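Chain order of the listed sequences is E, D, B and U. Each residue of the first sequence is one higher than the one before, starting from 2 at the first, in my numbering. Each residue of the second sequence is one higher than the one before, starting from 2 at the first, in my numbering. Each residue of the third sequence is one higher than the one before, starting from 2 at the first, in my numbering. Each residue of the fourth sequence is one higher than the one before, starting from 2 at the first, in my numbering. Ideal placement from N, C-alpha and C gives every residue a C-beta, glycine not left out. This structure is a prediction, so every number in the text was calculated from the model and none was measured. First comes the structure, then the notes that go with it.
Protein chains: 4
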Amino acid sequence: MISAGFAMEKLNVGVIGATGMVGQNYVRLLEGHPWFNVVFVAASERSAGKKYSEAVAGRWQMTSPIPESVKDLMVFDAAKVGEAEGECDFIFSAVEMDKERVRALECEYASHGMPVFSNSSAHRWTDDVPMLIPEINPRHLDIIPAQKKNHGWSRGFIVVKPNCSLQSYLTPVYALIKEGYSVDRMILTTLQAVSGAGYPGVASLDIVDNIIPYIGGEEEKSEKEPLKILGSIKDGRFVNSDSMKVSAHCNRVPVVDGHTACVSLGFKEKKPSLEEILSIWSGFKALPQELDLPSAPKQPIIYIAENNRPQPRKDRDIDKAMAVVVGRVRPCNVFDIRFVGLSHNTVRGAAGGGILNAELAVKKKLI
Amino acid sequence: MISAGFAMEKLNVGVIGATGMVGQNYVRLLEGHPWFNVVFVAASERSAGKKYSEAVAGRWQMTSPIPESVKDLMVFDAAKVGEAEGECDFIFSAVEMDKERVRALECEYASHGMPVFSNSSAHRWTDDVPMLIPEINPRHLDIIPAQKKNHGWSRGFIVVKPNCSLQSYLTPVYALIKEGYSVDRMILTTLQAVSGAGYPGVASLDIVDNIIPYIGGEEEKSEKEPLKILGSIKDGRFVNSDSMKVSAHCNRVPVVDGHTACVSLGFKEKKPSLEEILSIWSGFKALPQELDLPSAPKQPIIYIAENNRPQPRKDRDIDKAMAVVVGRVRPCNVFDIRFVGLSHNTVRGAAGGGILNAELAVKKKLI
Amino acid sequence: MISAGFAMEKLNVGVIGATGMVGQNYVRLLEGHPWFNVVFVAASERSAGKKYSEAVAGRWQMTSPIPESVKDLMVFDAAKVGEAEGECDFIFSAVEMDKERVRALECEYASHGMPVFSNSSAHRWTDDVPMLIPEINPRHLDIIPAQKKNHGWSRGFIVVKPNCSLQSYLTPVYALIKEGYSVDRMILTTLQAVSGAGYPGVASLDIVDNIIPYIGGEEEKSEKEPLKILGSIKDGRFVNSDSMKVSAHCNRVPVVDGHTACVSLGFKEKKPSLEEILSIWSGFKALPQELDLPSAPKQPIIYIAENNRPQPRKDRDIDKAMAVVVGRVRPCNVFDIRFVGLSHNTVRGAAGGGILNAELAVKKKLI
Amino acid sequence: MISAGFAMEKLNVGVIGATGMVGQNYVRLLEGHPWFNVVFVAASERSAGKKYSEAVAGRWQMTSPIPESVKDLMVFDAAKVGEAEGECDFIFSAVEMDKERVRALECEYASHGMPVFSNSSAHRWTDDVPMLIPEINPRHLDIIPAQKKNHGWSRGFIVVKPNCSLQSYLTPVYALIKEGYSVDRMILTTLQAVSGAGYPGVASLDIVDNIIPYIGGEEEKSEKEPLKILGSIKDGRFVNSDSMKVSAHCNRVPVVDGHTACVSLGFKEKKPSLEEILSIWSGFKALPQELDLPSAPKQPIIYIAENNRPQPRKDRDIDKAMAVVVGRVRPCNVFDIRFVGLSHNTVRGAAGGGILNAELAVKKKLI
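Now the structure itself:
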């Protein structure tokens, strides 16, 4: 339907859950996007009928102003799926409701002919829905025809992104696996930013001069989602990888943006030298880079040699906040190697990651 | 010389390095101590000859005022060891100089007949100096006669305490080992308070809205010191334990006081159930508790059942800030169990720990 | 009824609103109180019937454990006033509801014969209710007989405390006024701790690496409440002072506890020298000190001479966190003098202040 | 020499003090500047001879990487003024030394024919050196011919910028004065970011969970510098304005970037309504806007209507971090009006302000 090349006509995009924090990030990051144009915003019934700027008044959490092109859009009720039909070429879903309802709602958008790129965890374990990190498992989009067929959808489909915490370490780990260094065990500790909890999210009395050594559900996600992402498609369903065991300790720290992970890795057989690791990471390019997707970082994995990096405040914004920044590669006394990874949780780990997913799908002519 | 019982006469104590941050903590914590009386303070030549209150003017970092009994003491030059002789029954050493000089200076105090309880890392690897956590290796004090003999000291000797970061996890791990559950591998990540870096220490531009995934020398200390503490005495020398491998990731976080550790543990053979672990920890008492040492926590390991604890700001001060607070015991996907430990780095992990060492030595009639 | 002297029997005290953050502070601060014994706790209907420890599970914000003497008390429904009757000699009110309901509820407790010492703002402008800072306007308790008569109460009455923000500067200002230096204008800026907003209170995304230059209602309270406190009683009603104009700028800052105020003062006629000010402050003692009330700070106003003090983290806990700490007295280019004041908002500015009010009333034999 | 219009050739620029934090900001902000090209960097003797990237290794505080065009430049010794001659059309001075030496060094650069735009306070009170805020006193550049003549300089001259703290409030105040509303008294409190103290600057133990109510020299600068900026030229010398008295309370707060000021203003005679103020501010344009200088904010004063703004983290970056953001205009109980102002201290208040000064001088054909 569109040719994503020269003088391409922009695709019309809807954001549902547009007034929440992830939705606001979609609206912010899509401003001036070369391929996509936000023409439709929807939220809860309570916001419906208001202008977008009114609906987020006093709740706009971004540090740049509401984009001019969106602030006067009328907010629709996300539950009334028919309103988006004909308006949107596809949908970004940032709805925050109980998972059962999210699952049903996203299916309904798909059944109305609108592809859905979701930030929600609702469909992450639906066995024909790809959980996509375009640098790792772009081929998981191959399941879309089967997914459509399973549901009888002609044009719509659903793609989800994984939890934000994975983003800080899974791509560097995958880069090693891809080069034949099979990783079979991983123990990691995350130090996660407060923006990951949304707004109002974490109470200041819980985080000023403090850390919280627990984030509900986060350890389970960090441990299980990599297995699907590294998994394969069999008979139109995803089958998890069984090659790796992961143990995650997840902490909330007084940092605004940027999740850090301290990772210890063990290899199954062949072990790369530290030099090989640096060489693999610096040379790592994947499909988003080859296709030159607008939101793709030029270099997906950036290594900083100084021994006290990466640091969230200083390194989270590198390359449009879409890269994974790594440092401190060194031998591990118990496993084989250790490193520190960092990514921007509300950009790469949320709305930016969702946009990259959609860009890949467009280039793959799924939309 | 003294009877540590009823109507005991207080011991006269000197603090060298008394104007630095650890020294200030000694001065603060010894105020009103039932056994010890600070009668002598020494620091660098620059401070020598001033009143203590003048020497720390503008640098007093404690949140309670300078104790009345110390503020008018004249500060001596710590390098002039003879000044302390006859004044002090023993010495707390909080000097901050290059290690070679610390080693020599502490030996000189010992040779002048004054037992030295040191916070410095200088003598931690001297093979006849005990690195003491009174709840774990009180028997390491048995080396003192050999140490004295090695140096030809009649009354003086040297005892050191380990790095503050160990304190958050080694006692709970030891409690399991003591009950027969041999731990052979441990991967841990620390989230350490800024007070651990002294004053001025960490720059605010490095820690506000940030974490630093590196603390110079800290990972090595966290990995090696446990092996001496869990080691044994052979022919008047310490021999490290070889039972365990440790990998530590050490981070600085925007917390004032209190080091947190996220720990994954593997057992060699027999594995305790979670219930057994809780039972072992809640029942754990050691020599400081049996002897009812003044600075000993009533319960050395305190388990908090709520799933988001321990937290540094909320839990670091429990039981005079001398207990280790643990939480989140749960199975580990890769090793056997995981937990979170916390201790107050400038109390239990520094001056408070040094005072407890001295109390134990007194009760053992070494002074 | 009681003699607050030797071998006095403790008074039985109820705390209503006991599960909220101010209520928790009452419970914490009353542990081991020499005169008062918490025997009754009440909260919303939702908590009623539970043990106190169950009712605050996961919500206990104090850094010391729940007092043993309270944790097993059954929580009553605060709205069922009869339950407290006969149990409590008087009541601390920390209820958080709409003001109309608080006013009615506190009157009801009073009408059932129980004096009420309230932290709520509900009755602050009731014209026969004293708004008490015991060091400033202890004589305002003289209105109690009139108040009782107005309502036909035999034993009960109501006393309130002012807003926490006043505490940082009003006592030092009053000390000058008392010595004849009439203050007629005051411009001040507060830097207030997040604990002042309760729990969950301020969102971390609003305060990490940030300040909020607005606290709803706080500037009005800071400007008007001093006028009642400095006012007088006429015909059984309070008449505001008209001697002073106050302008307050109130800000929330990333500090856990302790409100700081930067104050510029103008005197009506006679102006004290800086030396006189220091002398007045250091010599200031008031009724709570004369009566040696258990919660009274020994010295109500503590001046720190170092030019970068007072600081909230370092100075808020001085003298049981009940003193006002001042510093930086210097001439003002526009008015006459400037200074910085600090007090602990959840102790002196809330529960501790309420307890001191009750102690004064006991000594004045109003209970 | 240059025509600052179409196809203009870029001016060659030197940065002295290039390795410090202000110098780093110059290097960062000048990357891609349409008029200026950094061709020369100088610092202390210690850095001389190194590549810029080596000289700042481990000290680069910016969150974007070292610009490619600068990282391989050789660092010169700033004291050897001759090295810059012929290389640079003009100089940005960010040197940090004692003022006497800065004064001499900047004069030497000027005497070698290089105009100097300085961030240092050294020449702020030299009576023929303009202290420039281009939106307020662009005419102060008219003194340059006299300054050159005073020194016998043919091409060089010196322009300085005021202290960063002024930036948050002086432009909005000036906008009112310009419209005929003469301000004669002002009491203000600043809440200043830690980046204002440079690196390492404020110790984290002084600012985590804390504020410091004192910044050495800052109150004096905030009070006096406005008088020169609002002053006039008489007989080739600046004469201070005597129209206004200012009292400033300066505080350090745990914010990374962005100085906030709470301001109370009194007018001499005519008082604007709140509506007039908002109208004056929203309509305020000055010479930098008329000349469309590259670093000029489109709108110098941006008013945010929400009652809890401006906030440093959310508003400091508006319009390239060069605007002053204001909010909360409301009547003052003691003076006439109150408001809150905010500006980015290391951009508008430092290097960005210096660059804007140079841009104005270029357009005025002084270079």
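Between D73/B and A49/B, the CB-CB gap reaches or exceeds 8 Å. Under the three-state reduction of DSSP, M22/U is assigned to helix. Here G153/E is not near M115/E, since their CB atoms are 8 Å or more apart. K246/E: member of the beta strand (DSSP E) spanning K246 to R253, first to last residue. A Cβ-Cβ separation of about 5 Å places V264/B in contact with Y170/B under the 8 Å criterion.
Annotation: the segment 85 to 168 of chain E contains the following complete segments of the alpha helix (DSSP H) (minimum length 4 residues), in chain order: 100 to 112 and 145 to 152.
Here the alpha carbon of V174/U sits roughly 8 Å from the alpha carbon of V184/U.
Contact of Q193/B with chain E by beta-carbon distance below 8 Å is absent, the smallest such distance being about 12 Å. Runs of the alpha helix (DSSP H) spanning 4 or more residues and lying entirely within the segment 260 to 336 of chain E occur at 275 to 284, 288 to 291, 313 to 316 and 319 to 322, in chain order.
By the criterion of a C-beta distance shorter than 6 Å, R186/E is surrounded in its chain by K246 and G267, once the five residues flanking it on both sides are discounted. For R349/D, there are no C-beta contacts with chain E under 9 Å, since the nearest C-beta of that chain is about 18 Å from it. In terms of beta-carbon proximity, G217/D stays away from the interface with chain U, with every pair separated by 8 Å or more.
Under the 8 Å criterion on CB atoms, L206/B is classed as interfacial with respect to chain E. Under DSSP, the beta-bridge partners assigned to Q193/E are R253/E.
Annotation for V57/B: T20, Q25 and I67 place their beta carbon closer than 8 Å to its own, counting only its chain and skipping 5 residues before and after.
Contact of E32/D with chain B is not assigned, every C-beta pair being separated by 8 Å or more. Scanning I208/B, L106/B and S205/B for the CA closest to the CA of I159/B turns up L106/B.
One alpha carbon belongs to P313/U, the other to K229/E, and they sit about 41 Å apart. Following the DSSP letters along the chain, one finds K225/D inside the alpha helix (DSSP H) bounded by residues E219 to I230.
Around Y200/D, the same chain offers M22 and Q62 as residues with beta carbons nearer than 6 Å, after the five sequence neighbours per side are excluded. Separation of T64/B and S45/B (C-alpha to C-alpha, rounded to the nearest whole angstrom) is 24 Å.
Counting only the Cα atoms, S94/U lies some 34 Å from P214/D. Annotation for K235/E: no alpha helix (DSSP H) segment contains it, though the beta strand (DSSP E) segment containing it runs S233 to K235. DSSP places S45/D outside both helix and strand once states are collapsed to three, so it counts as coil. Closest by C-alpha distance to G354/E, out of T172/E, E84/E and C89/E, is T172/E. According to DSSP, residue pairing for I17/D in a beta bridge involves A43/D and S94/D.
Here the C-alpha atom of I305/D lies approximately 59 Å from the C-alpha atom of E136/U. The C-beta of K149/B has 16 or more other C-beta atoms within 10 Å across all chains shown, which makes the residue buried. Secondary structure of N241/B (DSSP, three-state): coil.
Within a 10 Å sphere around the beta-carbon of S274/E sit fewer than 16 other beta-carbons, which makes this residue exposed. Put simply, the backbone Cα of K365/U is about 11 Å away from that of N358/U. Annotation: V256/B to V254/U spans about 9 Å, alpha carbon to alpha carbon.
Among the residues of chain D, none has a CB under 7 Å from the CB of D236/B; the nearest is roughly 47 Å distant. Look at L177/U here: in three-state DSSP terms it is helix.
Taking the CA atoms as reference points, E84/U sits about 36 Å from A194/U. Listed along chain B, the residues sitting closer than 7 Å to G59/D by beta-carbon distance are E307.
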